[in-house]
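S.K.: By the UniProt record's numbering, the letter at position 29 of the sequence shown is numbered 29, and the numbering carries on one by one without gaps.
Sharing a structure, written as structure tokens. Questions coming.
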Amino acid sequence: MGLFSFIKDAGEKLFGSKEVEEAKAANNTATLDDLNAKASAAIKTYIEQQSLGLTDLAVRFDGASGKVTLTGQAPSQAAAEKAALAAGNVGSVSSVENGLQFPQEKPSQFHDVVKGDTLSAIAKKYYGDASKYPVIFEANKPMLTHPDKIYPGQKLRIPPL
């Protein structure tokens, strides 16, 4: 599915990046491997809490690069995209390699939220109709809990109509 870039300091704070930086500075690969394993488990748990219907999900986090790699099966392209967004919208993650397998569908677009964006403005940009914002909101649930709660640096899925 590809590699997606994210803003490393934006998103859910599931684990401390301070410990990773200390292990890198001390060149302690054993500690770094342990921290990467803990971060991978935390990200996997976070994705599983989204109830996307994924099977055989495997998550690998590399603290040195901030990259998450996802593998497994998704019931749909939407579920695979939401899993990648959930992983990418975690603090300390700068990119996601989405290797989830899914049935082929028409691809979605993605939007990087900037200051001043609203779901209505985003809907107007992609669909030509601001009243279509609920489509974008639903496509990004459960990562979005309210249509007014989006933040700069967040990446949103814009599904085809």
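Even for Gly, the Cβ is constructed at its ideal location relative to N, Cα and C.
Is DSSP giving Asp33 helix, strand or coil here?
M.R.: Residue 33 sits at position 33 when you count from the first residue of the sequence shown. In the structure shown, Asp33 sits in a helix (DSSP, three-state: H, G or I).
S.K.: So who's on the other strand from Ala58, going by DSSP bridges?
M.R.: Position 58 of the sequence shown, counted from the start, is the residue given in the question as residue 58. Answer is Thr71.
S.K.: Going by other Cβ atoms of all chains shown within 10 Å of its Cβ, with 16 needed for buried, is Gln49 buried or exposed?
M.R.: Residue 49 sits at position 49 when you count from the first residue of the sequence shown. Gln49 should be labelled exposed.
S.K.: Arg157: which of Ile43, Val93, Gly88 sits nearest, CA to CA?
M.R.: Within the sequence shown, residue 157 is the residue found at index 157, counting from 1. For Arg157, the nearest C-alpha among the options comes from Gly88.
S.K.: Does the stretch 66 to 84 come close enough to the stretch 92 to 108 that 3 or more CB-CB pairs lie under 8 Å?
M.R.: Yes, since at least three Cβ pairs between the stretch 92 to 108 and the stretch 66 to 84 fall closer than 8 Å, the two stretches touch.
S.K.: Pull the bridge partners of Gln101 from the DSSP assignment, please.
M.R.: For the purposes of this step, residue 101 is taken as residue 101 along the sequence shown, with counting starting at 1. Looking at the DSSP assignment, Gln101 forms a beta bridge with Gln73.
S.K.: Could you tell me the boundaries of the beta strand (DSSP E) in which Leu156 lies?
M.R.: Working through the sequence shown from its first residue, we reach residue 156 at position 156. Where Leu156 is concerned, the enclosing beta strand (DSSP E) stretches over 155 to 158.
S.K.: Between Asn98 and Ala84, which are expected to be in contact by the criterion C-beta below 8 Å, what is the C-beta distance as a whole number of angstroms?
M.R.: Against the sequence shown, residue 98 aligns to sequence position 98. Against the sequence shown, residue 84 aligns to sequence position 84. About 4 Å separates the two Cβ atoms, so the contact holds.
S.K.: Per DSSP, what kind of secondary structure is Ser120 in: helix, strand or coil?
M.R.: Translated into the one-based positions of the sequence shown, residue 120 becomes position 120. If DSSP states are grouped into helix, strand and coil, Ser120 belongs with the helices.
S.K.: Report the option in Thr145, Ser94, Ala41 whose CA atom is closest to the CA atom of Leu119.
M.R.: Along the sequence shown, one-based indexing puts residue 119 at 119. The shortest C-alpha separation from Leu119 is found at Thr145.
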